[in-house]
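Novice: My questions will all concern the structure given below.
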(Lines of atoms letter the chains of each structure in order from A and count residues from 1; the text may use other names and numbers.)
(Lines give C-alpha, C1' and ligand atoms only; values in the text may rest on other atoms or scores of the structure.)
Protein backbone atom coordinates (compact mmCIF):
# COMPACT_ATOMS: atom_id res chain seq x y z
CA UNK A 1 0.00 0.00 0.00
CA UNK A 2 1.44 3.38 -1.01
CA UNK A 3 1.46 6.35 1.33
CA UNK A 4 -1.33 7.90 -0.75
CA UNK A 5 -3.42 4.71 -0.54
CA UNK A 6 -2.84 4.56 3.20
CA UNK A 7 -3.95 8.15 3.63
CA UNK A 8 -7.11 7.59 1.59
CA UNK A 9 -7.96 4.45 3.55
CA UNK A 10 -7.46 6.19 6.89
CA UNK A 11 -9.62 9.11 5.74
CA UNK A 12 -12.38 6.70 4.71
CA UNK A 13 -12.24 4.89 8.06
CA UNK A 14 -12.44 8.21 9.89
CA UNK A 15 -15.40 9.26 7.73
CA UNK A 16 -17.25 6.04 8.58
CA UNK A 17 -16.89 6.68 12.31
CA UNK A 18 -17.70 10.38 12.00
CA UNK A 19 -20.84 9.77 9.94
CA UNK A 20 -22.11 7.01 12.21
CA UNK A 21 -21.62 9.27 15.22
CA UNK A 22 -23.46 12.10 13.48
CA UNK A 23 -26.47 9.87 12.84
CA UNK A 24 -26.80 8.78 16.46
CA UNK A 25 -26.17 12.23 17.92
CA UNK A 26 -28.89 13.57 15.64
CA UNK A 27 -31.22 10.81 16.88
CA UNK A 28 -30.66 11.80 20.50
CA UNK A 29 -28.39 8.91 21.50
CA UNK A 30 -25.58 9.31 24.03
CA UNK A 31 -22.13 7.99 23.11
CA UNK A 32 -20.65 5.84 25.88
CA UNK A 33 -17.32 4.16 26.58
CA UNK A 34 -17.37 1.01 28.71
CA UNK A 35 -14.60 -1.26 29.96
CA UNK A 36 -13.19 -3.87 27.59
CA UNK A 37 -11.83 -5.92 30.51
CA UNK A 38 -14.66 -7.76 32.29
CA UNK A 39 -14.94 -10.04 35.34
CA UNK A 40 -17.41 -12.23 33.41
CA UNK A 41 -17.39 -13.16 29.72
CA UNK A 42 -20.12 -12.68 27.15
CA UNK A 43 -21.70 -16.13 26.87
CA UNK A 44 -22.48 -17.06 23.27
CA UNK A 45 -22.32 -20.64 21.96
CA UNK A 46 -20.70 -19.48 18.72
CA UNK A 47 -18.19 -16.96 20.10
CA UNK A 48 -15.08 -17.78 22.12
CA UNK A 49 -14.00 -15.10 24.63
CA UNK A 50 -10.36 -14.23 25.24
CA UNK A 51 -9.19 -14.83 28.85
CA UNK A 52 -6.70 -12.45 30.41
CA UNK A 53 -4.46 -13.09 33.41
CA UNK A 54 -4.64 -10.02 35.65
CA UNK A 55 -3.13 -9.84 39.14
CA UNK A 56 -5.71 -8.40 41.51
CA UNK A 57 -4.99 -8.61 45.26
CA UNK A 58 -7.39 -10.97 47.00
CA UNK A 59 -8.96 -12.31 43.79
CA UNK A 60 -8.32 -15.50 41.85
CA UNK A 61 -10.85 -14.97 39.05
CA UNK A 62 -9.62 -14.42 35.52
CA UNK A 63 -10.69 -11.42 33.49
CA UNK A 64 -12.05 -11.50 29.95
CA UNK A 65 -11.77 -9.16 26.98
CA UNK A 66 -15.25 -8.30 25.81
CA UNK A 67 -16.51 -9.92 22.61
CA UNK A 68 -19.05 -7.09 22.45
CA UNK A 69 -19.86 -4.18 24.77
CA UNK A 70 -23.35 -5.67 25.22
CA UNK A 71 -23.14 -6.62 28.90
CA UNK A 72 -21.92 -3.23 30.05
CA UNK A 73 -24.23 -1.25 27.78
CA UNK A 74 -27.30 -3.14 28.98
CA UNK A 75 -26.34 -2.43 32.58
CA UNK A 76 -26.34 1.26 31.64
CA UNK A 77 -29.73 0.88 29.95
CA UNK A 78 -31.17 -0.80 33.04
CA UNK A 79 -29.85 2.08 35.16
CA UNK A 80 -31.77 4.58 33.02
CA UNK A 81 -29.25 5.79 30.43
CA UNK A 82 -31.73 6.01 27.58
CA UNK A 83 -30.64 5.26 24.00
CA UNK A 84 -26.86 4.79 23.73
CA UNK A 85 -24.16 3.84 21.22
CA UNK A 86 -20.48 2.96 21.28
CA UNK A 87 -17.60 2.46 18.83
CA UNK A 88 -14.86 0.25 20.25
CA UNK A 89 -12.46 -2.62 19.60
CA UNK A 90 -13.71 -6.10 20.55
CA UNK A 91 -11.92 -9.44 20.85
CA UNK A 92 -12.76 -13.02 19.90
CA UNK A 93 -10.64 -16.15 20.18
CA UNK A 94 -11.13 -17.28 16.59
CA UNK A 95 -8.74 -18.10 13.77
CA UNK A 96 -8.01 -15.14 11.46
CA UNK A 97 -9.60 -15.27 8.00
CA UNK A 98 -9.98 -12.86 5.10
CA UNK A 99 -13.05 -11.43 6.89
CA UNK A 100 -12.10 -11.74 10.55
CA UNK A 101 -9.39 -10.80 13.03
CA UNK A 102 -9.19 -11.60 16.73
CA UNK A 103 -9.39 -7.86 17.40
CA UNK A 104 -11.74 -5.75 15.30
CA UNK A 105 -13.87 -2.62 15.52
CA UNK A 106 -17.55 -2.61 16.37
CA UNK A 107 -20.36 -0.07 16.31
CA UNK A 108 -23.08 -1.08 18.75
CA UNK A 109 -26.25 0.74 19.72
CA UNK A 110 -29.43 0.31 21.76
CA UNK A 111 -32.62 2.23 21.06
CA UNK A 112 -35.06 2.50 23.95
CA UNK A 113 -38.75 1.78 23.39
CA UNK A 114 -38.01 0.03 20.08
CA UNK A 115 -38.14 -3.42 18.54
CA UNK A 116 -36.08 -5.11 15.85
CA UNK A 117 -38.04 -3.49 13.03
CA UNK A 118 -36.96 -0.04 14.27
CA UNK A 119 -33.41 -1.35 14.69
CA UNK A 120 -33.42 -2.46 11.05
CA UNK A 121 -34.41 1.07 10.02
CA UNK A 122 -31.53 2.50 12.07
CA UNK A 123 -29.08 0.12 10.40
CA UNK A 124 -30.29 0.92 6.89
CA UNK A 125 -30.09 4.65 7.59
CA UNK A 126 -26.54 4.36 8.96
CA UNK A 127 -25.40 2.32 5.98
CA UNK A 128 -26.91 4.79 3.51
CA UNK A 129 -25.37 7.81 5.23
CA UNK A 130 -21.95 6.21 5.56
CA UNK A 131 -21.95 5.05 1.94
CA UNK A 132 -22.82 8.52 0.65
CA UNK A 133 -20.21 10.15 2.91
CA UNK A 134 -17.40 7.82 1.82
CA UNK A 135 -18.33 7.20 -1.82
CA UNK A 136 -20.39 10.27 -2.70
CA UNK A 137 -23.14 7.94 -3.91
CA UNK A 138 -25.69 5.48 -2.45
CA UNK A 139 -24.41 2.84 -4.88
CA UNK A 140 -21.65 0.36 -4.01
CA UNK A 141 -19.96 -1.67 -6.74
CA UNK A 142 -18.46 -4.92 -5.51
CA UNK A 143 -17.21 -7.67 -7.80
CA UNK A 144 -19.18 -6.21 -10.69
CA UNK A 145 -22.47 -6.06 -8.77
CA UNK A 146 -24.13 -2.74 -7.94
CA UNK A 147 -25.83 -2.39 -4.56
CA UNK A 148 -28.14 0.64 -4.44
CA UNK A 149 -28.73 1.43 -0.77
CA UNK A 150 -31.44 3.94 -1.68
CA UNK A 151 -33.27 1.23 -3.61
CA UNK A 152 -35.31 -1.65 -2.20
CA UNK A 153 -33.61 -3.98 0.26
CA UNK A 154 -34.39 -7.67 0.11
CA UNK A 155 -36.02 -8.91 3.34
CA UNK A 156 -36.65 -12.59 4.01
CA UNK A 157 -37.06 -14.80 7.05
CA UNK A 158 -34.51 -17.43 7.98
CA UNK A 159 -37.18 -20.03 7.15
CA UNK A 160 -37.55 -18.46 3.68
CA UNK A 161 -33.78 -18.63 3.19
CA UNK A 162 -33.56 -22.31 4.14
CA UNK A 163 -36.57 -23.14 1.99
CA UNK A 164 -35.12 -21.33 -1.03
CA UNK A 165 -31.49 -22.42 -0.82
CA UNK A 166 -31.48 -25.70 1.14
CA UNK A 167 -34.91 -27.12 0.30
CA UNK A 168 -35.74 -27.38 3.99
CA UNK A 169 -39.26 -26.68 5.27
CA UNK A 170 -38.51 -26.79 9.00
CA UNK A 171 -35.58 -26.70 11.42
CA UNK A 172 -36.10 -30.21 12.76
CA UNK A 173 -32.97 -32.38 13.10
CA UNK A 174 -34.52 -35.01 10.83
CA UNK A 175 -35.17 -32.62 7.95
CA UNK A 176 -31.84 -30.82 8.24
CA UNK A 177 -29.86 -34.06 8.44
CA UNK A 178 -31.73 -35.38 5.39
CA UNK A 179 -30.80 -32.23 3.46
CA UNK A 180 -27.16 -32.58 4.50
CA UNK A 181 -27.02 -36.23 3.51
CA UNK A 182 -28.40 -35.33 0.09
CA UNK A 183 -25.40 -32.99 -0.23
CA UNK A 184 -22.93 -35.72 0.61
CA UNK A 185 -22.47 -35.04 4.33
CA UNK A 186 -22.42 -37.71 6.99
CA UNK A 187 -24.72 -37.11 9.95
CA UNK A 188 -25.24 -38.99 13.20
CA UNK A 189 -27.84 -39.01 15.95
CA UNK A 190 -25.22 -37.33 18.15
CA UNK A 191 -25.28 -34.17 16.01
CA UNK A 192 -27.11 -31.35 17.76
CA UNK A 193 -29.74 -29.25 16.06
CA UNK A 194 -27.34 -26.29 16.16
CA UNK A 195 -24.56 -28.31 14.49
CA UNK A 196 -26.90 -29.46 11.73
CA UNK A 197 -28.21 -25.94 11.23
CA UNK A 198 -24.78 -24.32 10.87
CA UNK A 199 -23.45 -27.03 8.60
CA UNK A 200 -26.39 -26.57 6.24
CA UNK A 201 -26.34 -22.79 6.63
CA UNK A 202 -22.65 -22.49 5.71
CA UNK A 203 -22.91 -24.93 2.81
CA UNK A 204 -26.21 -23.95 1.18
CA UNK A 205 -27.64 -20.73 2.57
CA UNK A 206 -25.03 -18.14 3.55
CA UNK A 207 -23.21 -18.14 0.16
CA UNK A 208 -26.44 -16.90 -1.45
CA UNK A 209 -27.21 -14.04 0.94
CA UNK A 210 -26.59 -10.45 -0.14
CA UNK A 211 -25.15 -11.40 -3.52
CA UNK A 212 -27.31 -9.17 -5.73
CA UNK A 213 -29.04 -6.75 -3.31
CA UNK A 214 -28.71 -5.47 0.26
CA UNK A 215 -30.34 -8.28 2.24
CA UNK A 216 -31.92 -8.58 5.68
CA UNK A 217 -32.55 -12.06 7.06
CA UNK A 218 -34.90 -11.99 10.05
CA UNK A 219 -36.92 -14.21 12.40
CA UNK A 220 -34.36 -16.75 13.59
CA UNK A 221 -35.17 -20.12 15.17
CA UNK A 222 -35.15 -19.97 18.97
CA UNK A 223 -31.88 -21.87 19.39
CA UNK A 224 -30.01 -18.98 17.68
CA UNK A 225 -30.11 -15.99 19.99
CA UNK A 226 -29.38 -16.17 23.70
CA UNK A 227 -30.47 -12.57 24.34
CA UNK A 228 -33.17 -12.09 21.70
CA UNK A 229 -36.88 -11.74 22.48
CA UNK A 230 -39.38 -14.37 21.28
CA UNK A 231 -41.67 -13.17 18.49
CA UNK A 232 -45.26 -12.89 19.75
CA UNK A 233 -47.61 -15.35 18.10
CA UNK A 234 -44.76 -17.25 16.40
CA UNK A 235 -43.71 -20.25 18.45
CA UNK A 236 -40.02 -21.07 18.25
CA UNK A 237 -39.06 -17.79 16.53
CA UNK A 238 -36.89 -14.93 17.83
CA UNK A 239 -37.00 -11.26 16.78
CA UNK A 240 -33.47 -11.27 15.42
CA UNK A 241 -31.96 -10.16 12.10
CA UNK A 242 -28.68 -10.00 10.19
CA UNK A 243 -27.63 -7.86 7.22
CA UNK A 244 -25.63 -9.14 4.25
CA UNK A 245 -24.11 -7.41 1.26
CA UNK A 246 -21.41 -8.32 -1.24
CA UNK A 247 -20.64 -11.64 0.42
CA UNK A 248 -20.18 -10.02 3.85
CA UNK A 249 -22.21 -10.37 7.04
CA UNK A 250 -22.30 -6.79 8.29
CA UNK A 251 -24.77 -6.49 11.17
CA UNK A 252 -26.61 -8.48 13.82
CA UNK A 253 -29.53 -7.15 15.84
CA UNK A 254 -32.61 -8.07 17.83
CA UNK A 255 -35.41 -7.02 20.10
CA UNK A 256 -33.85 -7.46 23.53
CA UNK A 257 -34.99 -10.14 25.94
CA UNK A 258 -36.13 -8.48 29.19
CA UNK A 259 -36.98 -11.63 31.16
CA UNK A 260 -34.14 -12.21 33.60
CA UNK A 261 -35.23 -15.72 34.57
CA UNK A 262 -35.45 -16.86 30.96
CA UNK A 263 -32.04 -15.31 30.21
CA UNK A 264 -30.48 -17.13 33.16
CA UNK A 265 -31.77 -20.47 31.84
CA UNK A 266 -30.40 -19.72 28.36
CA UNK A 267 -27.01 -18.62 29.66
CA UNK A 268 -26.62 -21.71 31.83
CA UNK A 269 -27.30 -23.81 28.73
CA UNK A 270 -24.68 -21.85 26.79
CA UNK A 271 -22.15 -22.28 29.57
CA UNK A 272 -22.74 -26.04 29.46
CA UNK A 273 -22.30 -26.08 25.68
CA UNK A 274 -19.04 -24.14 25.86
CA UNK A 275 -17.74 -26.32 28.70
CA UNK A 276 -18.45 -29.42 26.59
CA UNK A 277 -16.34 -27.80 23.85
CA UNK A 278 -13.45 -27.34 26.24
CA UNK A 279 -13.97 -23.69 27.23
CA UNK A 280 -13.55 -23.89 31.00
CA UNK A 281 -13.88 -21.43 33.86
CA UNK A 282 -16.93 -19.58 32.54
CA UNK A 283 -19.31 -17.97 35.02
CA UNK A 284 -22.65 -16.26 34.57
CA UNK A 285 -22.73 -12.55 35.43
CA UNK A 286 -25.55 -12.44 38.02
CA UNK A 287 -25.49 -8.65 38.09
CA UNK A 288 -26.16 -8.67 34.36
CA UNK A 289 -29.06 -11.12 34.76
CA UNK A 290 -30.60 -8.82 37.35
CA UNK A 291 -30.11 -5.80 35.09
CA UNK A 292 -31.84 -7.50 32.16
CA UNK A 293 -34.85 -8.13 34.40
CA UNK A 294 -35.13 -4.34 34.83
CA UNK A 295 -34.81 -3.46 31.15
CA UNK A 296 -37.59 -1.56 29.45
CA UNK A 297 -38.37 -2.67 25.87
CA UNK A 298 -35.44 -1.89 23.58
CA UNK A 299 -33.56 -3.16 20.55
CA UNK A 300 -29.85 -3.37 19.80
CA UNK A 301 -27.57 -3.79 16.81
CA UNK A 302 -23.87 -4.48 16.32
CA UNK A 303 -22.03 -3.63 13.08
CA UNK A 304 -18.56 -4.80 12.12
CA UNK A 305 -17.03 -1.50 11.02
CA UNK A 306 -14.04 -3.14 9.38
CA UNK A 307 -16.24 -5.30 7.18
CA UNK A 308 -18.30 -2.25 6.29
CA UNK A 309 -15.05 -0.53 5.30
CA UNK A 310 -14.12 -3.57 3.19
CA UNK A 311 -17.42 -3.24 1.35
CA UNK A 312 -17.06 0.49 0.73
CA UNK A 313 -13.39 0.35 -0.29
CA UNK A 314 -13.54 -2.81 -2.37
CA UNK A 315 -11.15 -4.69 -0.07
CA UNK A 316 -10.99 -8.49 -0.19
CA UNK A 317 -8.86 -8.91 2.94
CA UNK A 318 -9.77 -7.32 6.27
CA UNK A 319 -6.06 -6.65 6.87
CA UNK A 320 -6.38 -3.90 4.24
CA UNK A 321 -8.55 -1.88 6.66
CA UNK A 322 -7.19 -2.96 10.08
CA UNK A 323 -3.81 -1.57 11.02
CA UNK A 324 -1.33 -2.57 13.75
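Residue numbers (the working numbering): 6 to 329.
Glycine included, C-beta positions come from ideal geometry on N, C-alpha and C.
What do you get for residue 91, buried or exposed, if any count of 16 or more other CB atoms within 10 angstroms of its CB means buried?
Specialist: Residue 91 comes out buried.
Novice: Looking at the strands, I want to know which residues DSSP matches up with residue 90.
Specialist: Residue 90 is bridged to 36, 114.
Novice: Could you check which residue in 52, 49, 70 has the C-alpha nearest to that of residue 59?
Specialist: Looking at the Cα atoms, 70 is the closest of the given residues.
Novice: Can you tell me which of 102, 120, 322, 45 puts its alpha carbon nearest to the alpha carbon of residue 77?
Specialist: Among 102, 120, 322, 45, the Cα nearest to that of residue 77 is on 45.
Novice: In the DSSP output, which residue or residues are listed as bridge partners for residue 96?
Specialist: According to DSSP, which records beta bridges pairwise, residue 96 is partnered with 108.
Novice: I'd like the span of the beta strand (DSSP E) that includes residue 303, first residue to last.
Specialist: 303 to 309 is the span of the beta strand (DSSP E), which, as asked, contains residue 303.
Novice: Between which residues of its own chain and residue 186 is the CB-CB distance below 8 Å, once the five residues before and five after are set aside?
Specialist: These residues qualify, in order along the chain: 192.
Novice: Leaving out five residues on either side along the sequence, give the residues of the same chain with a beta carbon under 7 Å from the beta carbon of residue 167.
Specialist: For residue 167, where only same-chain residues beyond five positions count, the Cβ hits under 7 Å are 173, 210.
Novice: Looking only at its chain, what residues have a beta carbon closer than 8 Å to the beta carbon of residue 64, apart from the 5 residues adjacent to it on each side?
Specialist: No residues qualify anywhere along the chain.
Novice: Name the one or two DSSP bridge partners that residue 217 has.
Specialist: Answer is none; residue 217 lacks a bridge partner.
Novice: Are residue 316 and residue 274 closer than 8 Å when you measure CB to CB?
Specialist: It is not a contact, given that the beta carbons lie outside the stated cut-off.
Novice: Name, in chain order, the residues that DSSP records as bridge partners for residue 233.
Specialist: Paired residue(s): 261.
Novice: According to DSSP, simplified to helix, strand and coil, what is residue 47?
Specialist: In the structure shown, residue 47 sits in coil (DSSP, three-state: anything other than H, G, I, E or B).
Novice: Does the Cβ-Cβ distance between residue 128 and residue 308 come in under 8 Å?
Specialist: Yes.
Novice: Would residue 306 and residue 114 qualify as a contact pair, given that the criterion is a beta-carbon distance under 8 Å?
Specialist: Result yes, Cβ atoms of residue 306 and residue 114 sit closer than 8 Å.
Novice: Taking the continuous beta strand (DSSP E) assigned at residue 162, which residues delimit it?
Specialist: That run of the beta strand (DSSP E) goes 159 to 162.
Novice: What would DSSP say about residue 139, mapped onto helix, strand or coil?
Specialist: In the structure shown, residue 139 sits in a helix (DSSP, three-state: H, G or I).
Novice: Taking the alpha helix (DSSP H) that residue 249 falls in, what are its first and last residues?
Specialist: It is not in any alpha helix (DSSP H) - residue 249 instead sits in the beta strand (DSSP E) that spans 242 to 250.
Novice: Residue 101 by DSSP, collapsed to three states: which one?
Specialist: The answer is coil: DSSP assigns residue 101 none of H, G, I, E or B.
Novice: Select from 97, 161, 120, 74 the residue whose C-alpha is nearest the C-alpha of residue 37.
Specialist: Comparing Cα positions, the closest option is 74.
Novice: What does a CB cutoff of less than 8 Å around residue 285 pick up in its chain, not counting 5 residues either side in sequence?
Specialist: So the list is empty, once near-sequence residues are dropped.
Novice: In three-state terms, what does DSSP make of residue 199?
Specialist: Helix, per DSSP.
Novice: For the alpha helix (DSSP H) that contains residue 10, what are its first and last residues?
Specialist: Residues 8 to 31.
Novice: If contacts are defined as beta-carbon pairs under 8 Å, then residue 72 and residue 54 qualify, I think. What distance do you get, rounded to the angstrom?
Specialist: Their Cβ separation, rounded to whole angstroms, is 5 Å, which keeps residue 72 and residue 54 in contact under 8 Å.
Novice: With a threshold of 8 Å, are at least 3 pairs of Cβ atoms found where one atom belongs to the segment 107 to 127 and the other to the segment 175 to 183?
Specialist: Contact fails: fewer than three Cβ-Cβ distances are below 8 Å.
Novice: Classify residue 290 as helix, strand or coil using the three-state DSSP reduction.
Specialist: If DSSP states are grouped into helix, strand and coil, residue 290 belongs with coil.
Novice: Let me check understanding here. Comparing Cα to Cα, which of 81, 125, 134 lies closest to residue 260?
Specialist: If we check each option's Cα against that of residue 260, 125 comes out closest.
Novice: Label residue 175 either buried or exposed according to how many other C-beta atoms from any shown protein chain fall within 10 Å of its C-beta, with 16 as the threshold for buried.
Specialist: It counts as exposed.
Novice: Among 219, 269, 272, 106, whose alpha-carbon lies nearest the alpha-carbon of residue 158?
Specialist: For residue 158, the nearest C-alpha among the options comes from 219.
Novice: Between residue 109 and residue 292, what straight-line distance do the alpha-carbon atoms span, to the nearest angstrom?
Specialist: Roughly 27 Å between the two C-alpha positions.
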